[in-house]
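In this text, residue positions in the sequence shown follow this note's numbering: the first is 1, and each later residue adds one. All C-beta atoms, glycine included, are put in the ideal place defined by N, C-alpha and C. Small disclaimer: the values here were computed from a predicted structure and weren't measured. A short worksheet on the structure shown next.
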Amino acid sequence: MSNLYEQLVKYRDSDYYPFHMPGHKRNNAAKLDCVLEAVYGVDITEIDGFDNLHQAQGIIKKAQQDAAELYGADETFFLVNGSTCGVLSAISAVTQKGGRLLMARNCHKSVYYAVYLQELKTTYLYPHLVRGYNIADAVIPESVEMILKEQPDISAVIITSPTYEGVVSDIAAIADITHRYGIPLIVDEAHGAHFGFHEAFPENAVRQGADIVIHSVHKTLPAMTQTALLHVSGTLVDRERLRRYLKIFQTTSPSYVLMASIDSCMNLMRKEGHSLLEQFLERRNDFIKKAVKCRHFEIMDKQAVPDSCMQTIEPGKIVIFMRDGELTGQQLYDILSEKYHLQLEMATGGYVLAMFTIMDTAEGMRRLAEALLEIDQGIVASQANPIQAQELIYPKRDEQPETMLTIAEAITQSDEKGYDSIPINESEGRLSAEFINLYPPGIPIVVPGEKIDCKIIESVRFCLDTRLNIQGVEDGSISVLK
Ligand SMILES: Cc1ncc(COP(=O)(O)O)c(C=O)c1O
């Protein structure tokens, strides 16, 4: 068996085209001056003249200040441990142990990990499903207001925007509300580091008034995996606490390769962000013109969902829904990979998701459009409705599991008394001891301390039967509290 490096080289030299992260797409066309070649040559530690991320006073301080200016933040921190460490630090900084957090239920796992570490109680915002597509819609500002009015012990709000499928919430309206209640809004904008550089894309959450915004630079911009940013603005966040938690959750040996990658990417966006996004949009439009000829696949856009509360769908997420054909999303994903060597970002029962960034080539997009058209022509229409089945992954608002214990209480109980591993079909009424989620996107279907009901069992069975990439289930069994 080849080692990891050999395997990577083999993949690099094959004709697989990447419609997935990271944003640089293994494409050095931007001629970034630091990272993709001769990595060892620039991989140093905190030597003289190179500053220190944890006490930045020189070259790193300047790079962070430049990034803050670019996004409109009071202060920006480079992250070398992904948005994950940004989310952990942000939530830890704005909550007290045992406090209460208002969070969208479709947040990434890292938010739930912070809830565990801080032993928080949670109140969930459950987004509606987008009608006809059955994915999570935007967070409704009025729902935030209603909950804040009723629950004065909430100390912060966190939502994800854009979502994994590109659904963007009205951040300005939500920030206005949380500020009226005197509490900070954290926006997990991990998938929106490219926002605010072109009028066809949403304004970034920093400029819309969020107090802390987290960007995975690596997800949608040309930067190395693990690179991310945390922006902070205003007076509602204690900066000293934030710095303390960033020190705790980040390595004491931050990679200069990664930090240089962030800095180069920021320079690129400052100088050429608008024109690169303009070129991206032209290529994307060419792709859409071809792909709309498919009879059995549909790419969702805002016009198709007039009654949704979303601000927009971000153009980098190409979500291809299965219409009246015989294929599930997972099957289309497999065909695109096996036959056409097009590796997409993810699949569910009802859709496949391709990520487009400024590093995508016209050739790559043409290959995807042509593959879709060819597959589409061979499809036989059927009665199956994979999009309907998708409800099983994004359950309806009124069908949510009951929280019986906080995540921390459940995990502590599991540590102290152990857990049972039982077949999913026999788990109704038991309390979950683990997270169960699809990966990607890493949004829990069930979290520790929630009661397993028939809806969850149906969801997990659906994911297993459709061969989706589910975590927290081993050979059809899940972990429940004793
Ligand atoms: C919405 C969201 N937030 C946070 C993260 C964590 O980001 P990272 O992988 O940069 O740590 C992810 C990762 O997929 C994500 O999708």
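Straight-line gap, residue i to residue j (C-alpha atoms, nearest Å)
i    : j    : result
I445 : L464 : 13 Å
K293 : N285 : 13 Å
I140 : G58  : 42 Å
T235 : E69  : 18 Å
Q250 : Y17  : 32 Å
K247 : M259 : 16 Å
L268 : E150 : 46 Å
D43  : S261 : 11 Å
A155 : D238 : The sequence shown places Ser at residue 155, not Ala. When rounded, the distance between both Cα atoms is 13 Å.
N385 : D324 : 6 Å
L125 : L405 : 18 Å
M21  : T328 : 23 Å
Y340 : D376 : 14 Å
I407 : E119 : 7 Å
A354 : F297 : 13 Å
N425 : H274 : 52 Å
G350 : D398 : 21 Å
I135 : E165 : 8 Å
I171 : T163 : 13 Å
H191 : K417 : 39 Å
Q400 : E46  : 49 Å
R243 : A90  : 10 Å
D15  : L342 : 9 Å
Other residues of its chain near residue i: CB distance less than 7 Å, five sequence neighbours each side excluded
i    : result
T160 : A104, N106, C107, H108 and D188
S233 : A73, D74, V206 and D211
L185 : V157, I174, A175, T178, A210 and D211
G196 : Y71, E203, N204 and R207
Q226 : V80, N81, G82, H218 and L258
T123 : R100, L102, I147, Q151 and I154
S25  : Going by the sequence as given, residue 25 is Lys instead of Ser. These residues qualify, in order along the chain: P18, T357, M359 and D360.
D137 : P127, H128, L129, V130, V167, S308, C309 and M310
S427 : I452, I457, I478 and V480
G442 : H108 and K109
R467 : Q330
E278 : H198
R295 : D376
Close-in-space but distant-in-sequence residues of the same chain around residue i (CB under 8 Å, 5 per side omitted)
i    : result
Q64  : A56, E75, T76, F77 and F78
G49  : G58 and I59
L88  : S110, Y113, A114, L117, Y245 and F249
E474 : S421
E282 : none
Sequence-distant residues of the same chain with beta carbon closer than 6 Å to residue i, five excluded per side
i    : result
L53  : I60 and P254
Y439 : N469 and Q471
S479 : Y419, S421, A433 and E434
V305 : V130
T521 : Absent from the model: residue 521. The displayed extent of the chain is 1 to 482, so no value can be given.
L276 : I358
R430 : I452 and V480
N27  : M359
G86  : L79, I214, A228 and L230
A410 : P448 and G449
A193 : H215, V217, T220 and L221
Q413 : L481
K121 : R100 and T406
Burial state of residue i (16 or more Cβ within 10 Å)
i    : result
Y133 : buried
P423 : exposed
Q7   : exposed
A200 : exposed
M359 : buried
Q331 : buried
C454 : exposed
D13  : exposed
V380 : exposed
D51  : buried
I313 : buried
V144 : buried
E338 : exposed
D415 : exposed
Y11  : exposed
A362 : exposed
Practice task
Output the residue ranges of the alpha helix (DSSP H) runs that lie fully inside the stretch 228–309 and measure 4 residues or longer, sorted by chain position.
Solution key: 239–249 and 256–291
Handout entry: Whole runs of the beta strand (DSSP E) within the stretch 325–380, excluding any shorter than 3 residues
Key = 342–344 and 351–355
Exercise for the section: At 3 residues or longer, and completely inside the stretch 49–129: list those beta strand (DSSP E) runs for me, N to C. Expected result: 75–79, 100–104 and 121–125
Handout entry: Uninterrupted beta strand (DSSP E) stretches inside the stretch 147–228 (no shorter than 3 residues)
Key = 154–160, 185–188 and 212–215
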